[in-house]
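To start, the structure under review is shown below, and the notes come after it.
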Amino acid sequence: MDAFLLGASEVLSLTTLAMMLAGAVAGIIAAAIPGFTVTMAIVLTLPLTFTMDPLQGISVMLSVYVGGYTGGLISAALLGIPGTPSSVATTFDAFPMARNGEPGRALSLGVWASFFGTIISTAVLIVAAPPLAVFAVRLGPWEYFSLIVFALTIVASLVGNSLQRGLIAALIGLAISTIGADPIMGRPRFDMGWELLAAGLPFLVVLIGIFAISQLASEVEDAEAIKRGEKLVDGEIEFETWSVMREVLMRPINLIRSSMVGVAIGALPGAGGSIANLVAYDQAKRASQSPEEFGKGTPDGVVASEAGNSATAGGGLIPLISLGIPGSAVDAILMASLMVHGISVGPRLIMDNADLVYGMFLAMAVSSLMMLVLCVLSMRAFLRVAEVPKWVVVPVVLVCCVVGSFALNNRVTDLYLLAGVGVLGYALKALDYPLAPLVLGVILGPIAETNLRRALMTEPDWTLFLTRPVSLIFLVAAVLSVGWAIRGILKSGKQSRNGKDPA
Amino acid sequence: MSQPGHQTQAQESGEIARLLSYVGLLALSAGLFLEAWAIPTSRFEALGAGAFPMLVHACLSLLLVASIAGSLRRIPIDAYGRFAGAAAAWAREKRLVLVLFACLAVYVGAMPLIGYPVATLLFLIVLQITLAPKTRAALAVALVLSLIFSFGLNWLFAEVFNVFLPRGR
């Protein structure tokens, strides 16, 4: 109790709260710009925390982290461009909702879902950190590969109008992920002798090119409308704070399920928000009584995606606090920040520095509350983006995409890739290929290949994928998931045939 | 009036465009499969660097062959003759998209030569004026925004974040 009070007194001091507020604002703004990720915002914050106390520094970084997960929602809902990889699924329903004249509701749903997702994950973090962490680190490459196979079955929920083209898009994504040095031996593959392909296609450049550039190009398709000064969203903009809070709370199962998915995926080293939001969305769609509404602006889709990605913030801290193993790039930076202050991160962290750990738990909760208040107070300003004419938004956001892509690695060749991937993304979109499975393929490809090869390097026995219990559970889940998807497709085909019969 | 089940001309042209995309992708995928085949396996592991790409391209090629067969069945013979005209009409309708991609290509191509601030200033002025309604207010807004997002953003990144955007030769 003393340790908790000591940690609380430091986190709740006026100076720390003021710095956390600045951190949350910085996180929201950074993540709202396509190309700038939460990781980049935290890297830029790290040097500023060197002069602070350890808990103060960590609290500021956690506020950037929590703010960043929410910030990605803003461009996802208003522009249809995921501000961060963890808000890809948010575009599926928040953007159509905004385009249907309800941008305020879309943002409000996302903000509340993010808030509850973070609070639920913090609660789980406090209760279940040690046992979950022990489970997560016992997983070997067999289990990881089977997990990725399961995650790939999400494609069935993201295929849009055609299952065939959805699968082709997912395989194109996997093929893109194989370009460049192979992940085990570093052997160059498919680079055609070009320097710009030698390092592979950076995931964020692909994400920005596929989603942002193709979406921006789609905005200028109607030449007459854009010349008239058409805005992004027409209609009245209303944030509807309290009614939306009730709307989110009226979906307790979706909220808790999505948050648990976020916590579980966040706790797995190497996975993270970019996978969690897609898995949570997929699970919500499968469990829904009206899955056909998903992708058209249903609140359930927004709640699932945002609760899922925000809950990974708490989940990622589980192996970090319990075992000293960072679950993601952001957690590695948090760990580095602690090490700079001479604190060794590992199983003894909670015993030697209990005040710090309790302070981190509290900082997570305070950050999410701060983010909520900030968003409620300032969302009207963000919503003004929707009132800006397209002829202003499109060129300016294109420049932001270019700057974001360059700033990732300081490589001009990434800009050529961005333009090339942008053209590919627009062409695929115009030909009615769904883009989400492609991005899923790019995310999961390297993890799948690495773990498949690592498993067979450790023990060249394929049956281990079936004889190791956790691996088998994931594979059975994958088979069930495919079966469920096929059943859904057959059912909707039957319904559409029955619908046509009477005519 | 179209009969039920009868494809419109736009749908037929779309299906032909998709068929062309399947053929292009199949050629690329088959080529990459062969390249992956040629990658030597390592003696340190059961699977080499080429195994996973071969698996991916084999699945992709099979799916593309099935898609090509399906498209060929769906497209009526006379639709091919109308495709060139439909494609030209599509390009005319989406002319601003083509302008946007042309501007983007010139912008990223010129950036290493003339530097971020000048390239961005020119890109924003040209694209905004192309897209904007032709009024003085729009022109003034375009000029101010171009200056902010070119020289202003360059200053912000260099002075605040210590990230230096391309300076040109």
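So the protein sequences, as listed, match chains A and B. Per the numbering used here: the first sequence = residues 1071 to 1573. Per the numbering used here: the second sequence = residues 387 to 555. Even for Gly, the Cβ is constructed at its ideal location relative to N, Cα and C. Because the structure is a prediction, the values reported are computed rather than measured.
message: Among the candidates V1463/A, L1209/A, G1378/A, G1138/A, whose CA atom is the shortest distance from the CA of A1287/A?
response: Taking the first sequence and counting its residues from 1, the one referred to as residue 1287/A is at position 217. The option with the nearest alpha carbon to A1287/A is V1463/A.
field: Exposed unless 16 or more other CB atoms sit within 10 angstroms - verdict on K1561/A
entry: As a working mapping, residue 1561/A is identified with position 491 in the first sequence. Classification for K1561/A: exposed.
message: Rounded to the nearest angstrom, what separates Y1486/A and I1335/A at their Cα positions?
response: In the first sequence, the residue the question calls residue 1486/A occupies position 416. In the first sequence, the residue the question calls residue 1335/A occupies position 265. The straight-line gap from Cα to Cα measures roughly 33 Å.
- prompt: Among all the DSSP beta bridges, which residues are the ones paired with K1301/A?
  reply: Position 231 of the first sequence, counting from 1, holds the residue named residue 1301/A. DSSP, once it has assigned bridges, lists P1459/A as partnering K1301/A.
message: Taking contact to mean 3 or more Cβ pairs, one atom from each stretch, closer than 8 Å, check whether the stretch 1139 to 1154 of chain A and the stretch 1083 to 1103 of chain A are in contact.
response: yes
- prompt: Would the stretch 511 to 525 of chain B and the stretch 1288 to 1297 of chain A be scored as touching if the rule is three or more Cβ pairs under 8 Å?
  reply: yes
message: Considering only the alpha carbon of each residue, which of S1191/A, I1323/A, S1407/A lies closest to Q1359/A?
response: Mapped onto the first sequence, residue 1359/A falls at position 289. For the residues S1191/A, I1323/A, S1407/A, the minimum Cα distance to Q1359/A belongs to I1323/A.
- request: Can you have a look at G471/B and say buried or exposed, based on whether 16 or more other CB atoms are within 10 angstroms of its CB?
  value: On the second sequence, position 85 is the one that residue 471/B refers to. Exposed is the call here.
task: From the DSSP output, in three-state form, read off G1386/A for me.
output: What you label residue 1386/A is simply residue 316 of the first sequence in a count that begins at 1. Residue state, collapsed to three classes: helix.
task: Verify the CB distance criterion: does I500/B have a CB-CB separation below 8 Å to chain A?
output: Here residue 500/B refers to the residue found at position 114 of the second sequence. Not closer than 8 Å to any Cβ of chain A, the Cβ of I500/B fails to qualify, so no.
query: With 16 other CB atoms within 10 Å as the buried threshold, where does L458/B fall?
result: Within the second sequence, the letter at position 72 stands for residue 458/B. L458/B is exposed by the Cβ-count criterion.
query: Shorter than 8 Å from the beta carbon of P1572/A to some beta carbon of chain B?
result: For the purposes of this step, residue 1572/A is taken as the residue at position 502 of the first sequence. With a pLDDT of 41 at P1572/A, under the threshold of 50, the modelled position of this residue cannot be trusted, and the question is left open.
field: Among G1097/A, L1114/A, A1159/A, nearest to Q1353/A - alpha-carbon criterion
entry: Working through the first sequence from its first residue, we reach residue 1353/A at position 283. Checking every option, the nearest Cα to that of Q1353/A belongs to A1159/A.
message: Measuring straight from C-alpha to C-alpha, what distance separates N548/B and R1481/A?
response: Here residue 548/B corresponds to residue number 162 of the second sequence, with the count starting at 1. Here residue 1481/A corresponds to residue number 411 of the first sequence, with the count starting at 1. The alpha-carbon atoms of N548/B and R1481/A are separated by roughly 15 Å.
message: What does the Cβ neighbour count give for T1161/A, buried or exposed, with the cut at 16 atoms within 10 Å?
response: Numbered from 1 along the first sequence, position 91 holds the residue referred to as residue 1161/A. Answer is buried; the Cβ neighbour count reaches 16.
- request: Mind the definition here: the stretch 1137 to 1148 of chain A touches the stretch 1375 to 1387 of chain A only if three or more C-beta pairs lie below 8 Å; say whether that holds.
  value: Touching, yes.
message: So with CB distances below 8 Å, who are the chain B contacts of G1492/A?
response: Here residue 1492/A corresponds to residue number 422 of the first sequence, with the count starting at 1. Within chain B, the residues near G1492/A are F487, L490.
- prompt: From D1571/A to R1356/A, what does the alpha carbon distance come to, in whole angstroms?
  reply: Taking the first residue of the first sequence as position 1, residue 1571/A is located at position 501. Taking the first residue of the first sequence as position 1, residue 1356/A is located at position 286. Confidence at D1571/A is low in this model, with a pLDDT of 46, below 50, so the placement of that residue is unreliable and no value is reported for it.
- request: Express the C-alpha separation of V1181/A and C1445/A in angstroms, rounding to a whole number.
  value: Sequence index remark: in the first sequence, residue 1445/A carries index 375 (1-based). Sequence index remark: in the first sequence, residue 1181/A carries index 111 (1-based). For C1445/A and V1181/A, the distance between alpha carbons rounds to 7 Å.
message: At the 8 Å Cβ level, is R404/B part of the contact set with chain A, yes or no?
response: Within the second sequence, residue 404/B is the residue found at index 18, counting from 1. True, the Cβ-Cβ gap to chain A drops below 8 Å.
field: 8 Å Cβ cut-off: residues of chain A touching Q397/B
entry: Looking up residue 397/B in the second sequence gives position 11. The contacting residues do not exist; Q397/B stays about 10 Å from chain A at best.
task: Assign V492/B to one of three DSSP states: helix, strand, or coil.
output: Sequence index remark: in the second sequence, residue 492/B carries index 106 (1-based). Of the three classes helix, strand and coil, the one that applies to V492/B here is helix, per DSSP.
field: is_contact[A435/B, chain A] using C-beta, thresh 8 Å
entry: Taking the second sequence and counting its residues from 1, the one referred to as residue 435/B is at position 49. Closer than 8 Å to some Cβ of chain A, the Cβ of A435/B qualifies, so yes.
task: Please list the partners that D1252/A has in chain C, where partner means a Cβ-to-Cβ separation under 7 Å.
output: No chain C is present in this structure, whose protein chains are A and B.
task: Within 10 angstroms of the Cβ of R1557/A, are there 16 or more other Cβ atoms? Answer buried if so, exposed if not.
output: For the purposes of this step, residue 1557/A is taken as residue 487 along the first sequence, with counting starting at 1. R1557/A is exposed by the Cβ-count criterion.
message: Would G1210/A pass as an interface residue toward chain B - the criterion being a Cβ-Cβ separation below 8 Å?
response: As a working note, residue 1210/A is residue 140 in the first sequence. Not one chain B Cβ lies under 8 Å of G1210/A.
- request: Count the other C-beta atoms from every protein chain shown that fall within 10 angstroms of the C-beta of K1460/A, then say buried if there are 16 or more, exposed otherwise.
  value: Residue mapping note: residue 1460/A aligns to position 390 of the first sequence, counting from 1. Buried, because 16 or more other Cβ atoms sit within 10 Å of the Cβ of K1460/A.
message: At the 8 Å Cβ level, is T506/B part of the contact set with chain A, yes or no?
response: Walking along the second sequence from the start, residue 506/B turns up at place 120. With 8 Å as the cut-off, T506/B counts as an interface residue toward chain A.
message: Looking at the secondary structure, which residues open and close the alpha helix (DSSP H) in which V1493/A lies?
response: Along the first sequence, read from residue 1 onward, the residue named residue 1493/A stands at position 423. Note, V1493/A: alpha helix (DSSP H), 1483 to 1500.
field: Limits of the unbroken alpha helix (DSSP H) element including P1516/A
entry: Taking the first sequence and counting its residues from 1, one reaches residue 1516/A at position 446. Residues 1506 to 1528.
message: Taking CB distances under 8 Å as the criterion, tell me whether I454/B reaches chain A.
response: Looking up residue 454/B in the second sequence gives position 68. With 8 Å as the cut-off, I454/B does not count as an interface residue toward chain A.
field: Per-residue DSSP class, three states only, for S1360/A
entry: As a working note, residue 1360/A is residue 290 in the first sequence. S1360/A: coil per DSSP, three-state reduction.
query: Just the Cα atoms here: how many angstroms apart are L1195/A and R1418/A?
result: If you number the first sequence from 1, residue 1195/A lands on position 125. If you number the first sequence from 1, residue 1418/A lands on position 348. Whole-angstrom Cα-Cα distance: 17 Å.
- request: Just mark L1237/A as buried or exposed, buried being the case when its beta carbon has 16 or more other beta carbons within 10 Å.
  value: On the first sequence, position 167 is the one that residue 1237/A refers to. Result: buried.
message: Along the stretch 419 to 434 of chain B, where does the CB come closer than 8 Å to a CB of chain A? Name the residues.
response: Within the stretch 419 to 434 of chain B, those residues whose Cβ lies closer than 8 Å to any Cβ of chain A are, in chain order, E421, A422, I425, S428, F430, E431, A432, L433.
task: Report, in whole angstroms, the separation of the C-beta atoms of D1163/A and G1371/A, which I expect to be a contact under 8 Å.
output: Here residue 1163/A refers to the residue found at position 93 when the first sequence is read from its first residue. Here residue 1371/A refers to the residue found at position 301 when the first sequence is read from its first residue. About 3 Å; that satisfies the 8 Å criterion.
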